[in-house]
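Trainee: Sending over a structure as structure tokens; questions will come in a sec.
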Amino acid sequence: MRVYFDHNATTPVDPAVSDVMVGILRQEFGNPSSVHHFGQLAKARLDDARSAVAMLINAEASEVVFTSGGTEADNFALRGVAEALEPSGRRHLIASGLEHEAVLTTLKALARRGWNTTLLPVDSTGIVAPAALEAALTDRTALVSIMHANNEIGTIQPVAELAQLAHARGALFHTDAVQSVAKIPVDVRALGVDLLSLSAHKFYGPKGAGALWIRRGTRIGAILTGGKHERNRRAGTENVAGIAGLGTAAELAARKLQPEGMRLAALRDRLERLVLERVPGSAINGSREQRVPNTTNISFEGVEAESLLIALDLDGIAVSTGSACSSGTLEPSHVLRAMGLPAHRTQNSIRISLGAGNTDQDVDFLLDRLPGIVQKLRSLTRVAR
Ligand SMILES: Cc1ncc(COP(=O)(O)O)c(C=O)c1O
Numbered sequence: 000m001r002v003y004f005d006h007n008a009t010t011p012v013d014p015a016v017s018d019v020m021v022g023i024l025r026q027e028f029g030n031p032s033s034v035h036h037f038g039q040l041a042k043a044r045l046d047d048a049r050s051a052v053a054m055l056i057n058a059e060a061s062e063v064v065f066t067s068g069g070t071e072a073d074n075f076a077l078r079g080v081a082e083a084l085e086p087s088g089r090r091h092l093i094a095s096g097l098e099h100e101a102v103l104t105t106l107k108a109l110a111r112r113g114w115n116t117t118l119l120p121v122d123s124t125g126i127v128a129p130a131a132l133e134a135a136l137t138d139r140t141a142l143v144s145i146m147h148a149n150n151e152i153g154t155i156q157p158v159a160e161l162a163q164l165a166h167a168r169g170a171l172f173h174t175d176a177v178q179s180v181a182k183i184p185v186d187v188r189a190l191g192v193d194l195l196s197l198s199a200h201k202f203y204g205p206k207g208a209g210a211l212w213i214r215r216g217t218r219i220g221a222i223l224t225g226g227k228h229e230r231n232r233r234a235g236t237e238n239v240a241g242i243a244g245l246g247t248a249a250e251l252a253a254r255k256l257q258p259e260g261m262r263l264a265a266l267r268d269r270l271e272r273l274v275l276e277r278v279p280g281s282a283i284n285g286s287r288e289q290r291v292p293n294t295t296n297i298s299f300e301g302v303e304a305e306s307l308l309i310a311l312d313l314d315g316i317a318v319s320t321g322s323a324c325s326s327g328t329l330e331p332s333h334v335l336r337a338m339g340l341p342a343h344r345t346q347n348s349i350r351i352s353l354g355a356g357n358t359d360q361d362v363d364f365l366l367d368r369l370p371g372i373v374q375k376l377r378s379l380t381r382v383a384r
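When we follow numbering that gives the first Met the number 0, the leftmost residue of the sequence shown carries the number 0, and every step to the right adds one.
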């Protein structure tokens, strides 16, 4: 038996999505920029997908620009706005310490090119305080980028309030919604943001397809230049099959959103309750109220997360850690560190992210093995000392 508890890393492609994609790959090879029948068939696929994505986030189809995924959408938002606003003298960017590397690394690259950057602190529950943003904003701030839901702990940021504060100082607001779209209702109008990133493979669509939603009238430069694709905003012949897969995944998500969210939250809450009951020295990280329904992040005192991940994998259970292993040393999760967790706790936490295929049996399977594995790892650590 194998159980997949890593849906925040990626999700399996829904069969309805792959059916659409295979059909296109086999039979519809046209270039959507061509005026003939073949091209128009492909263009119709893009139009349908654009409408489906727009519908999922309460946007207009013309505001959706397809990208190669979340990383490109984040790069596009940050670099595109930086390019457009550079001449205005606004040369300050703000993000939070919780952001995905797609934002953090891009911010560093812009800092090397002379942009001032501020990383906002987060509280111990993994939430950005609006007061911290208010204090950091200046009349030279071009863009604020704060993610909607965090990939490691699942916490949801008060984006609507944060966006209002940014706008009050004349700055644009981008949110990376890669981990919230299709998990909770995402409404770009209610959030009041200017730019929003999403990625198909986080909600049963294919890898390599995503979108940046750009509020009409937002000043943004293109980062991929070439032909006039995507209304001059992103050059390159579109990944028609991938985009059609994204559209189908968006349609499916819109239909299932509420019942699936409730099912996953109940499953996740049961999992947490049983872990806390049966594994001494375990603790949940991050807010348990303001978070997406499928994610939990749990610390196990005295257990190195990487060893736990490997032991669980040997037993057929796939989870993940927020830590990155670089040159043989374990780097603690930047998210848990930003929350101010003590060093040991940032290194003994795993993320469990549930999804469509998970059932109570999967949770039982995990709970059958986890307490024994944790106990064994703790005794090994004691022997090693
Ligand atoms: C919050 C967040 N942003 C961006 C990305 C990058 O998305 P993609 O894998 O589509 O490039 C991810 C994926 O892990 C993510 O979780």
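Note that beta-carbon positions come from the ideal geometry of N, C-alpha and C, so glycine has one too.
Given the structure is predicted, the values throughout are model-derived calculations rather than measurements.
#1: Am I right that V102 and I213 are in contact with their C-beta atoms under 8 Å? What's the rounded C-beta distance?
#2: For S135 and M146, I'd like the C-alpha separation in whole angstroms.
#3: Go ahead and label G69 buried or exposed: buried means 16 or more other beta carbons lie within 10 angstroms of its beta carbon, across all protein chains shown.
#4: Provide the residue span of the alpha helix (DSSP H) that contains R262, from first to last.
#5: Does the beta carbon of S348 fall short of 6 Å from some heavy atom of ligand 1?
#6: Does any heavy atom of ligand 1 sit closer than 6 Å to the C-beta of Q178?
#7: Whose C-alpha, out of T117, A83, R78, is nearest the C-alpha of S95?
#8: Going by DSSP, name the residue or residues bridged to D175.
#9: Check the C-beta distance from F4 over to L266 and give it rounded, since I have them as a contact under 8 Å.
#10: Threshold first: 3 residues or longer. Then list the beta strand (DSSP E) segments lying entirely within the stretch 134-180, N to C.
#11: Can you name, in chain order, every residue of its own chain whose Cβ lies under 7 Å from the Cβ of R336, other than the five neighbours on each side?
#12: Would E82 pass as a contact of G226 if the rule is Cβ separation under 7 Å?
#13: Would you report the Cα separation of V334 and G125, rounded to the nearest angstrom?
#14: What separation, rounded to the nearest whole angstrom, lies between the Cα atoms of G235 and S319?
#15: Under DSSP, the beta strand (DSSP E) around V63 begins and ends at which residues?
#16: By DSSP's criteria, V2 is part of a beta bridge. Which residues make up the other side?
#17: Should D186 be counted as a contact of ligand 1 given a C-beta to heavy atom distance under 6 Å?
#18: Out of I152, Y203, H166, state which residue places its alpha-carbon closest to the alpha-carbon of S144.
#19: Hey, how far is the Cα of N284 from the Cα of D312?
#20: Going straight from the alpha carbon of L369 to that of S179, what length do you get?
#21: Heavy atom of ligand 1 less than 6 Å from the Cβ of T224, yes or no?
#22: Is any heavy atom in ligand 1 found nearer than 6 Å to the beta carbon of A253?
#23: Taking 8 Å as the cut-off, does the stretch 200-213 touch the stretch 244-251 (at least 3 CB pairs, one atom from each stretch)?
#24: Our contact map puts I387 next to L307 with C-beta atoms below 8 Å; I'd like the distance itself, whole angstroms only.
#25: Tell me whether the beta-carbon of R290 lies closer than 7 Å to the beta-carbon of I155.
#26: Tell whether a beta-carbon distance below 7 Å holds between E303 and G280.
#27: Would a C-beta distance cut-off of 7 Å place D378 and N347 closer than the cut-off?
#28: Excluding five sequence neighbours on each side, which residues of the same chain lie with their C-beta closer than 6 Å to the C-beta of T295?
#29: Rounded to the nearest angstrom, what separates T10 and E59 at their Cα positions?
#30: Under the three-state reduction of DSSP, which class applies to A94: helix, strand or coil?
#31: For ligand 1, any of its heavy atoms closer than 6 Å to the Cβ of N357?
#32: Applying the 10 Å Cβ sphere with the 16-neighbour rule, what's the burial state of S67?
#33: Could you spell out where the beta strand (DSSP E) holding L211 opens and where it closes?
#34: Our contact map puts A253 next to L55 with C-beta atoms below 8 Å; I'd like the distance itself, whole angstroms only.
#35: Taking its Cβ as the centre, do 16 or more other Cβ atoms sit within 10 Å of S442, making it buried, or is it exposed?
#36: With DSSP collapsed to three states, give me the class of T117.
Mentor: For this structure:
#1: Rounded, the Cβ-Cβ distance is 16 Å, inconsistent with contact.
#2: The residue you asked about is not Ser; residue 135 is Ala in the sequence shown. Their backbone Cα atoms lie some 17 Å apart in a straight line.
#3: So G69 counts as buried.
#4: It spans 239-277 - the alpha helix (DSSP H) in which R262 sits, taken as one unbroken run.
#5: No; taking the cut-off as 6 Å, the Cβ of S348 has no heavy atom of ligand 1 nearer than that.
#6: It does: the Cβ of Q178 is within 6 Å (strictly closer) of some heavy atom of ligand 1.
#7: Answer by Cα proximity: T117.
#8: Partner(s): S196.
#9: Approximately 11 Å separates the beta-carbon atoms of F4 and L266; this is outside 8 Å, ruling out the contact.
#10: Contiguous beta strand (DSSP E) elements confined to the stretch 134-180 occur at 140-144, 171-175, taking only those with 3 or more residues.
#11: If you ignore the 5 residues before and after R336, its C-beta comes within less than 7 Å of the C-beta of T345, all in its own chain and listed in chain order.
#12: Going by C-beta atoms, E82 is not nearer than 7 Å to G226.
#13: Going from the Cα of V334 to the Cα of G125 covers about 8 Å.
#14: Computed Cα separation, rounded: 34 Å.
#15: 63-66 is the extent of the beta strand (DSSP E) around V63.
#16: Note: V2 sits in a beta bridge opposite I316.
#17: No, Cβ of D186 sits at least 6 Å from all heavy atoms of ligand 1.
#18: It is H166 whose Cα lies nearest to the Cα of S144.
#19: So the alpha carbons of these two residues sit roughly 22 Å apart.
#20: Distance between the alpha carbons of L369 and S179 is about 28 Å.
#21: Incorrect: T224 has no Cβ contact closer than 6 Å to ligand 1.
#22: It does not: the Cβ of A253 is nowhere closer than 6 Å to a heavy atom of ligand 1.
#23: These segments touch.
#24: Residue 387 lies beyond the stretch modelled for the chain, which goes from 0 to 384, so this question has no answer here.
#25: Yes; because the gap between Cβ atoms is below 7 Å, this pair is in contact.
#26: G280 is positioned such that its CB atom lies no closer than 7 Å to that of E303.
#27: It is Ser, not Asp, that sits at residue 378 in the sequence shown. No, Cβ-Cβ distance for S378 and N347 is not below 7 Å.
#28: Correct list, in chain order: R267, E271, I351.
#29: Rounded to the nearest angstrom, the two C-alpha atoms are 27 Å apart.
#30: Strand.
#31: Not under cutoff, so the answer is no.
#32: Counting Cβ neighbours within 10 Å, S67 comes out buried, since at least 16 surround it.
#33: Counting along the chain, the unbroken beta strand (DSSP E) around L211 starts and ends at 209-213.
#34: About 5 Å separates the CB atoms of A253 and L55; that is less than 8 Å, so the two are in contact.
#35: Not covered by the structure: residue 442. The range shown for the chain is 0 to 384.
#36: Looking at T117 - three-state DSSP - the assignment turns out to be strand.
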